[in-house]
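In what follows, a structure is listed as structure tokens, so that the remarks can point back to it.
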Amino acid sequence: MARVAMRSLNKNYDEVRAVIDVNLDIKDQEFVVLVGPSGCGKTTTLRMVAGLESITSGHISIDEKIVNELPPMDRDIAMVFQNYALYPHMSVYDNMAFGLKMRKFDKPEIAKRVQEAAEILGIEQLLHRKPRQLSGGQRQRVALGRAIVRHPQVFLFDEPLSNLDAKLRVQMRVELKKLHERLGTTAIYVTHDQVEAMTLGDRVVVMKDGLVQQVGDPMELYNEPANRFVAGFIGSPAMNFLNVRLSGENGSLWAESDGMKIKVPAPLAGGLGSHAGKDVTFGIRPEDLRIAGDGDDTDLTFPATVEVVERLGSEILLDVAVGRGTMVASVEPTATAKVHEGLHLAVNPNRVHFFDNDTEAAI
Amino acid sequence: MIEGAHWRRWVFFYVPVTGFVVALLFPFYWMVITTIRPDRELYRPWNSVNYNPFWTWAPTLEHIRDLLTTTLFSTWMLNTMIISLAATAISLFCGLLAGYALSRLKFPFAGSIGTGIFITYLVPQTLLFIPLSDIIRNFRLGDSPWALILTYPTFLIPFCTWLLMGYFKSIPKELEECARIDGAPRWKAMLYIIFPVAIPGILSAGIFAFTLSWNEFIYALVFLSSPEQKTVPVGVTSELVRGDVFFWGELMAGALLGSIPVAFVYSFFVEYYVSGITGSVKG
Numbered sequence: 194m195a196r197v198a199m200r201s202l203n204k205n206y207d208e209v210r211a212v213i214d215v216n217l218d219i220k221d222q223e224f225v226v227l228v229g230p231s232g233c234g235k236t237t238t239l240r241m242v243a244g245l246e247s248i249t250s251g252h253i254s255i256d257e258k259i260v261n262e263l264p265p266m267d268r269d270i271a272m273v274f275q276n277y278a279l280y281p282h283m284s285v286y287d288n289m290a291f292g293l294k295m296r297k298f299d300k301p302e303i304a305k306r307v308q309e310a311a312e313i314l315g316i317e318q319l320l321h322r323k324p325r326q327l328s329g330g331q332r333q334r335v336a337l338g339r340a341i342v343r344h345p346q347v348f349l350f351d352e353p354l355s356n357l358d359a360k361l362r363v364q365m366r367v368e369l370k371k372l373h374e375r376l377g378t379t380a381i382y383v384t385h386d387q388v389e390a391m392t393l394g395d396r397v398v399v400m401k402d403g404l405v406q407q408v409g410d411p412m413e414l415y416n417e418p419a420n421r422f423v424a425g426f427i428g429s430p431a432m433n434f435l436n437v438r439l440s441g442e443n444g445s446l447w448a449e450s451d452g453m454k455i456k457v458p459a460p461l462a463g464g465l466g467s468h469a470g471k472d473v474t475f476g477i478r479p480e481d482l483r484i485a486g487d488g489d490d491t492d493l494t495f496p497a498t499v500e501v502v503e504r505l506g507s508e509i510l511l512d513v514a515v516g517r518g519t520m521v522a523s524v525e526p527t528a529t530a531k532v533h534e535g536l537h538l539a540v541n542p543n544r545v546h547f548f549d550n551d552t553e554a555a556i
Numbered sequence: 054m055i056e057g058a059h060w061r062r063w064v065f066f067y068v069p070v071t072g073f074v075v076a077l078l079f080p081f082y083w084m085v086i087t088t089i090r091p092d093r094e095l096y097r098p099w100n101s102v103n104y105n106p107f108w109t110w111a112p113t114l115e116h117i118r119d120l121l122t123t124t125l126f127s128t129w130m131l132n133t134m135i136i137s138l139a140a141t142a143i144s145l146f147c148g149l150l151a152g153y154a155l156s157r158l159k160f161p162f163a164g165s166i167g168t169g170i171f172i173t174y175l176v177p178q179t180l181l182f183i184p185l186s187d188i189i190r191n192f193r194l195g196d197s198p199w200a201l202i203l204t205y206p207t208f209l210i211p212f213c214t215w216l217l218m219g220y221f222k223s224i225p226k227e228l229e230e231c232a233r234i235d236g237a238p239r240w241k242a243m244l245y246i247i248f249p250v251a252i253p254g255i256l257s258a259g260i261f262a263f264t265l266s267w268n269e270f271i272y273a274l275v276f277l278s279s280p281e282q283k284t285v286p287v288g289v290t291s292e293l294v295r296g297d298v299f300f301w302g303e304l305m306a307g308a309l310l311g312s313i314p315v316a317f318v319y320s321f322f323v324e325y326y327v328s329g330i331t332g333s334v335k336g
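One line per chain: the protein sequences are A and B, in this order. Its first residue numbered 194, the first sequence is counted upward by one per residue in the numbering used here. Its first residue numbered 54, the second sequence is counted upward by one per residue in the numbering used here.
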């Protein structure tokens, strides 16, 4: 168990800057998820921690020791790969024992540890099979088993669930979470799936184009996204964005676009004052919109036309046209909205976001 | 509809397959029938009364006996075996290391070195034997098995390197990365993980190299001169064709016996061989 620290970490491939100035402190026993679209540098970062990729500049330390020049085997880490990377010519037992054999553990100790890991993962009856005789979920467990028998200081996961079908993925996600609670080993987990990131991570690191966009616990990312990218990436369905012009009127600030005009809630108005007269991006999550009733403050509602009704059972997603733009609203399952119907939507004033159009940063 | 499918299957599958099988196996049949046919039938004019080239009613083993007793055939077999095995072993060893390095290690000019090796394979042996014979003479290796053991790798190593390089590329690199994280230095990852997984590829390279060495003709003809040093292909053709006299029975017996080891090797490893050529590694 150990802390992992990255300082001004950079990775260049010829002209391409894959990872740019990453600074990250991972606490002992913490489960940190790196998330972002493909090509954002998350896997490269993980591979640098593993020692599979050289570091262009900056340094990585594990348990207060700088590991830049250490080969993977001396970093005391274990890694689970997306394609599992099980050794196809070895039985499950030998797959799990390989790392221990390489480290010259004696036989009884190896047998004990493999047995222990197999029990944790419920694969005792598979120990004599070859990887090709296993299902996807079983292979995943063996890959996990191979990582945990060594009792490493840090677990590294490279999209371990993305080869599983949707149902199994949810199940393994829960098991991973339990496993981490039981073992308490520091873990770095890479995924492109924001749901996995939100459910697994103690803290989540959102990356894009090699840059860290925001680091925080899942609810922090959800409630206070640092910029437009994080706001759009975290949460499903994604946040609605609309270009609006801010203008001062009757002593308060208004956000106005074609077909919509709402009053900027007082707590936000202070920070936004300097943007009066400029265009900014207005953001609101689908779940923070609802169908307005008679009692609603008309300063916080706007008209919309329903284009598509998606009934998901627990909620209804309304795709609506607002002026020339479109938005998605998540409304009560009892709502009776029909296609082509006009209605008014009310925003939750505490949950609106504004982003600078140039820097995309939250205002 | 079923009738139609039946009919199609005969026309487009069974008939062509039968044609291919007959065309491919006929030379072997001819070899066998010529071996066991007595001389009086072999040298009978084609327009004689009971001329029957495809069958014999008086099979005999005398050609095989003659081959084994009056010629050095068993010595040739032994020579060929030793030379082929040694050349294959050398080539496989070098091919394994070179193929691994070219497919896995990042070093300057890896791509051009790979292409360069391939180009050496394209130089025809009929051209290469001229400078090689000079080298063989300078090293005083002429008329010894070493002349072939050391020259066969000139075309076997490029061949093995290319086949194995392609095979190694089909093995996911994560296997090796995982082994290195698990605590294996690169050579152990190679030995315990990559090579066992590559066995189909290694076997096909070995079988091919062995067959190429076994059947090689021109180097063996040029570099070896005394009868007791010769290999099967050269020995049979040079010792059993005297002037314009062809000892057809013995020639075919030699060809038949000489092809047995190769046929044996192929049939034994055919499954590995196919998966080695198609290059499939399943996790």
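We put the CB at the ideal spot given by N, CA and C, even for glycine.
Taking only three categories from DSSP, how would you classify residue i?
i: A/D386; result: coil
i: A/G409; result: strand
i: B/N100; result: coil
i: A/K401; result: strand
i: A/H546; result: strand
i: B/I224; result: coil
i: A/M241; result: helix
i: B/G336; result: Low per-residue confidence applies at B/G336: pLDDT is 40, beneath 50, and the placement is therefore not dependable enough to give any value.
i: A/T519; result: strand
i: A/H252; result: strand
i: A/N179; result: Not covered by the structure: residue 179 of chain A. The range shown for chain A is 194 to 556.
i: A/K300; result: helix
i: B/D187; result: helix
i: B/A163; result: helix
i: A/A336; result: helix
i: A/F422; result: helix
With a threshold of 9 Å between beta-carbons, can residue i be considered close to chain B, or not?
i: A/M484; result: First, the residue type needs correcting, since residue 484 of chain A is Ile and not Met in the sequence shown. For A/I484, the answer is no, since every Cβ of chain B falls outside 9 Å of its Cβ.
i: A/Y382; result: no
i: A/V197; result: no
i: A/A243; result: yes
i: A/F350; result: no
i: A/A304; result: no
i: A/H282; result: yes
i: A/P264; result: yes
i: A/G338; result: no
i: A/N276; result: yes
i: A/M520; result: no
i: A/G464; result: no
i: A/I248; result: no
i: A/S292; result: The residue you asked about is not Ser; residue 292 of chain A is Gly in the sequence shown. Taking Cβ atoms only, chain B reaches closer than 9 Å to A/G292, which makes this a yes.
For chain A, check one thing: does any of its Cβ atoms lie closer than 9 Å to the Cβ of residue i?
i: B/E324; result: no
i: B/V250; result: yes
i: B/R190; result: no
i: B/K222; result: no
i: B/P225; result: yes
i: B/K283; result: no
i: B/I255; result: no
i: B/L244; result: no
i: B/I234; result: yes
i: B/K335; result: Low per-residue confidence applies at B/K335: pLDDT is 46, beneath 50, and the placement is therefore not dependable, though the value from the model is reported in the following sentence. Yes - at least one Cβ of chain A is within 9 Å of the one on B/K335.
i: B/P161; result: no
i: B/E230; result: yes
i: B/A258; result: no
From the DSSP secondary-structure annotation, give me the bridge partner or partners of residue i.
i: A/G535; result: A/T498
i: A/Y206; result: A/V209
i: A/R200; result: A/H252
i: A/K258; result: A/I255
Just to make sure I have the definition right: I need the residues of chain C whose C-beta is within less than 7 Å of the C-beta of residue i. Which are they?
i: A/M365; result: Absent from the structure is chain C; the protein chains it does hold are A and B.
| task | Could I get the ranges of all uninterrupted alpha helix (DSSP H) runs contained in the stretch 433–513 of chain A, with 4 residues as the minimum, in chain order? | result | 459–465
| field | Inter-stretch contact (C-beta, 8 Å, three-pair minimum) for the stretch 216–234 of chain A and the stretch 278–297 of chain A | value | no
| field | Contact the stretch 428–441 of chain A vs the stretch 471–487 of chain A: 3+ CB pairs below 8 Å | value | yes
| request: At 3 residues or longer, and completely inside the stretch 244–316 of chain B: list those beta strand (DSSP E) runs for me, N to C. | output: none
| message | Three or more C-beta pairs under 8 Å: does that hold for the stretch 177–189 of chain B against the stretch 243–254 of chain B? | response | no
| Pairing CB atoms from the stretch 111–128 of chain B with CB atoms from the stretch 87–95 of chain B, are three or more of them under 8 Å? | yes
| Stretch pair the stretch 536–548 of chain A + the stretch 457–464 of chain A: three plus CB contacts closer than 8 Å | yes
| query | Hey, is the stretch 311–320 of chain B in contact with the stretch 156–168 of chain B, meaning 3+ C-beta pairs nearer than 8 Å? | reply | no
| request: Pair every Cβ in the stretch 123–141 of chain B with every Cβ in the stretch 190–205 of chain B, then say whether three or more of these pairs are closer than 8 Å. | output: yes
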